[in-house]
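Numbering (the working numbering), first residue to last: 10 to 948.
A short worksheet on the structure shown next.
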């Protein structure tokens, strides 16, 4: 039986090879799904942990506990550490993630102390396990080498405590409430001042900045203090820094459950990443939906291709099936033959398809734009057992698509088969039922409804809800439906042209039109393929370009310039003679930037940016508004703003306040809300940076409105927050731009940002390296290049770019192979007809002309229609689908980005496809035994 099936497959080896190609690609795309999905989810989770570290400036996967132990049961540090280890062992038995580092701090409750110089202070005595391995002694000695005053214990402190509490090396500190049996207080000697070896070391969950009013001693001294000075309770804070590289899609849900269970069971248990896991699980659902809805059109195309090729094979074997049926072969046996063939092909496809799927997944994961690949880090995407399961399901579906159509042919005897040969060009069901018109109407109706709900869709996505899959699928439905409609219209167009010129056409042209009208049903499949391939390629490229470009424009607008630096300023406080507290900042030397960054930055400027300003106008107060204090000339040279966002060039607005000391520029939403115009006055207030129960206003200067703007570099007027019910709501902010000197005179010197415009050929990393070499401590920095790169590497954008590129590449392959299959079989089947034409006196040149005419009115027309459908889909659907990726309202509205080079690349691919097909067809024609065909025609 196997030999029979093998010979049968080899009998039509090229068609079966095409069928195998379709099944291989189906298996590859299907097996790619779990690998791509798992990799994208792992990448999303890792990026969330990374972002949390950057945002919070602390390690983002920590579990621990803060508690206390009675010295009756736990008399020393070793016993307390044993208890801490027991807790850790219990946690890790469930979480099962490696611990990268741990920080254990034991301490005696803080109380008042007396320094050797007579100052009364408040300190707690601490012992931190393994602390000596992570610190440098900047002055004095360490705990192991320091020499305390006789009868005292050694301690070390950080520089912050030394400065704040006027402590020096060699000074003693006596704790009032810790006394021995003779009533003598415990005394410590400051033997050294320390700093962390590496501030980025994950050991520092609690950093030296957090060590206010803390003195640190060694384990032996700590135990002696507990034993000899009546300490009743030892307090502790323990932190385990977990390796979040081991937290992935397989265990994230379980770990989140365990964290919740630990928190409920133990009120002292602490962790800082359950919110990360919650956000991830919301995103994971969206990722799964988006991957499926973007893969679905590819899978449908592949199944359609498999059906088309198998139908072509069945049509060619129709007589053979009828002969078997007439000789007594049962329908079940005939189905068994084709089931065996498809099973062999599917088994081969699984063996080939899984490695191909792996490579396709890696290719998708490296896409930075449509048909643009970086081949960067793709280590998140790994082989998984789910690929085998998906491959088996795809193979079974392929077998069904190949085998089930056999039922239609297996019922016919040879007599019934011959009687059907004369029936040609019957209308397909979709054409009779006007399914194309119905589907177009459904697609337009869905589009209309979604466009009405744009704001609700955006808020739903911002709230973390999964996107509606139909938002994506509707564009594919539209392309498919319009493709069918175009096919109907092309058919009518060809009939009309044929009718007009049938009495005037040359024999070759007449014969070509006759062939087209008689085989329009067979040509329909490949025509729809052409329309969908080109339209989907055009739509996908424009969609990817729109997402990337709009994201880039918003990043550039939000930042306002190429790079923004914020340095850590030192703040001081003092009491005046009336016992009122005052604050001040020590300004770092700005000249360090202008001198050292002159090569990497063309322009630099200082910008006071305060998003906690209150604008007062018309008896109303508008908190959380944005104040920007700028030097107009420097700001104009450094900042950038996309043209067309305001009524006139934004330099004119800068000029308007340059000559008015208290002049301000305000946002148009503020002017509209309170009916303000140029010449009116407003006041704006800033608040003291000192922490108090109620905000303390520094000053409330007035400003004369000199200009009103719709957009401004670095100002996004929309923010989002949750209301009392937990629903995400949109909130508008207002802008005031004032002169830098006026802001400083009104509010005093406060921290400012340093905006820089990079010089040509230089990048942000050069700026950061220079700043680091100068020993400048940055509080934060932002760079357009870095944020754009992070955007392009974000899982959602990678998924979209990758699957859009994959769908186009698969569609081109299918279209090319399908095109060749149709025309090769068509020419082979018409060999006798060509002989008749030649016998009637038609030259080979005229036969070539006939074929070219057929191509023009089938393939070329369908290709041109594909461009039209792609343009229509772009205009109708791109802005809607982009909401999923850009849900936030913004000063820069979503605009469709079309790059002619993308269309050129698409056209080149299509033209190359046609050229390859024409070369193959021309070669077949040349090799055709036309003499034998001519003889057959004469006979």
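Think of the CB as a built atom: it goes at the ideal place given N, C-alpha and C, for glycine as much as any other residue.
These numbers were taken from a predicted model, which means no experiment stands behind them.
Relative to the C-alpha of residue i, which residue among the options is closest?
i           : options            : result
residue 378 : 803, 12, 661       : 803
residue 417 : 282, 343, 372, 933 : 343
residue 749 : 682, 637, 649      : 637
residue 817 : 725, 755, 847, 547 : 547
residue 809 : 694, 783, 819, 549 : 549
residue 103 : 61, 47, 262, 836   : 262
residue 751 : 32, 675, 827, 710  : 710
residue 515 : 852, 220, 867      : 852
residue 771 : 681, 345, 606, 861 : 606
residue 701 : 592, 664, 615, 776 : 592
residue 599 : 508, 366, 576      : 576
residue 545 : 845, 486, 494, 99  : 486
residue 110 : 201, 213, 698      : 213
residue 767 : 613, 406, 217      : 613
residue 670 : 171, 715, 739      : 715
residue 863 : 848, 835, 80, 844  : 835
residue 821 : 380, 158, 349, 266 : 380
residue 982 : 911, 875, 358, 729 : Within the shown structure, residues of the chain are numbered from 10 to 948, placing residue 982 beyond reach of any answer.
residue 191 : 238, 170, 184, 169 : 238
residue 869 : 676, 573, 543      : 543
residue 889 : 408, 467, 442, 411 : 467
residue 286 : 269, 533, 901      : 269
In the DSSP assignment, find the beta strand (DSSP E) that holds residue i and state where it starts and stops.
i           : result
residue 155 : Residue 155 -> no beta strand (DSSP E), and no H or E assigned at all.
residue 787 : 787 to 792
residue 706 : 706 to 708
residue 211 : Per DSSP, residue 211 belongs to no beta strand (DSSP E) and is neither H nor E.
residue 592 : 590 to 595
residue 957 : Residue 957 falls outside the range modelled here, since the chain spans only 10 to 948, and no answer is possible.
residue 606 : Neither: residue 606 is in no beta strand (DSSP E) and is coded neither H nor E.
Just grab the DSSP bridge partners of residue i for me.
i           : result
residue 619 : 636
residue 75  : 246
residue 629 : 626
residue 861 : Residue 861 is not bridged to any residue.
residue 468 : Per DSSP, none; premise fails for residue 468.
residue 482 : None; residue 482 has no bridge partner.
residue 612 : 766
residue 204 : 145
residue 223 : 133
residue 183 : 123, 196
residue 572 : 765, 792
residue 359 : Bridge partners of residue 359: none, in fact.
residue 188 : 194
By the DSSP assignment, the alpha helix (DSSP H) with residue i in it spans what residues?
i           : result
residue 453 : 444 to 461
residue 872 : 870 to 894
residue 50  : 22 to 65
residue 831 : 804 to 838
residue 440 : 438 to 441
residue 177 : No alpha helix (DSSP H) holds residue 177; DSSP gives it neither H nor E.
residue 240 : It is not in any alpha helix (DSSP H) - residue 240 carries neither H nor E in the DSSP assignment.
Can you list, in chain order, the stretches of the beta strand (DSSP E) that have 3 or more residues and sit fully within the segment 632 to 702? 672 to 676, 690 to 696
For the pair the segment 194 to 208 and the segment 137 to 148, tell me if three or more CB-CB distances fall below 8 Å. yes
In chain order, which continuous runs of the alpha helix (DSSP H) of length 4 or greater are located wholly inside the segment 78 to 161? 86 to 104
Which runs of the beta strand (DSSP E) spanning at least 3 residues fall entirely within the segment 710 to 784, listed in chain order? 711 to 718, 727 to 731, 737 to 741, 744 to 748, 762 to 767
Given 8 Å as the limit, is there contact between the segment 38 to 55 and the segment 390 to 410, that is, 3 or more CB pairs closer than that? yes
Quick one: which unbroken beta strand (DSSP E) runs of 3-plus residues sit fully inside the segment 365 to 418? Chain order, please. 376 to 378
For the 8 Å Cβ check, are there 3 or more pairs between the segment 791 to 803 and the segment 558 to 576? yes
Taking contact to mean 3 or more Cβ pairs, one atom from each stretch, closer than 8 Å, check whether the segment 271 to 289 and the segment 71 to 86 are in contact. yes
With contact counted as at least three CB pairs below 8 Å, one residue from each stretch, are the segment 171 to 190 and the segment 119 to 138 in contact? yes
Contact between the segment 234 to 246 and the segment 111 to 120 (3+ Cβ pairs under 8 Å): yes
Kindly provide the ranges of any beta strand (DSSP E) runs that are 3 or more residues long and lie completely inside the segment 257 to 301, ordered along the chain. 278 to 280
Does the contact criterion of 3 or more C-beta pairs under 8 Å hold for the segment 306 to 316 versus the segment 495 to 512? no
Closer than 8 Å is the cut-off here; do at least three beta carbon pairs connect the segment 876 to 883 with the segment 830 to 850? no
Ignoring anything shorter than 3 residues or poking outside the segment 495 to 563, list the beta strand (DSSP E) runs there in chain order. none
Do the segment 685 to 700 and the segment 624 to 632 meet, that is, are 3 or more Cβ pairs less than 8 Å apart? yes
Just checking, does the segment 719 to 728 make contact with the segment 671 to 685 on the three C-beta pairs under 8 Å criterion? yes
Could you say if the segment 913 to 928 and the segment 755 to 767 meet the contact criterion of at least three C-beta pairs nearer than 8 Å? no
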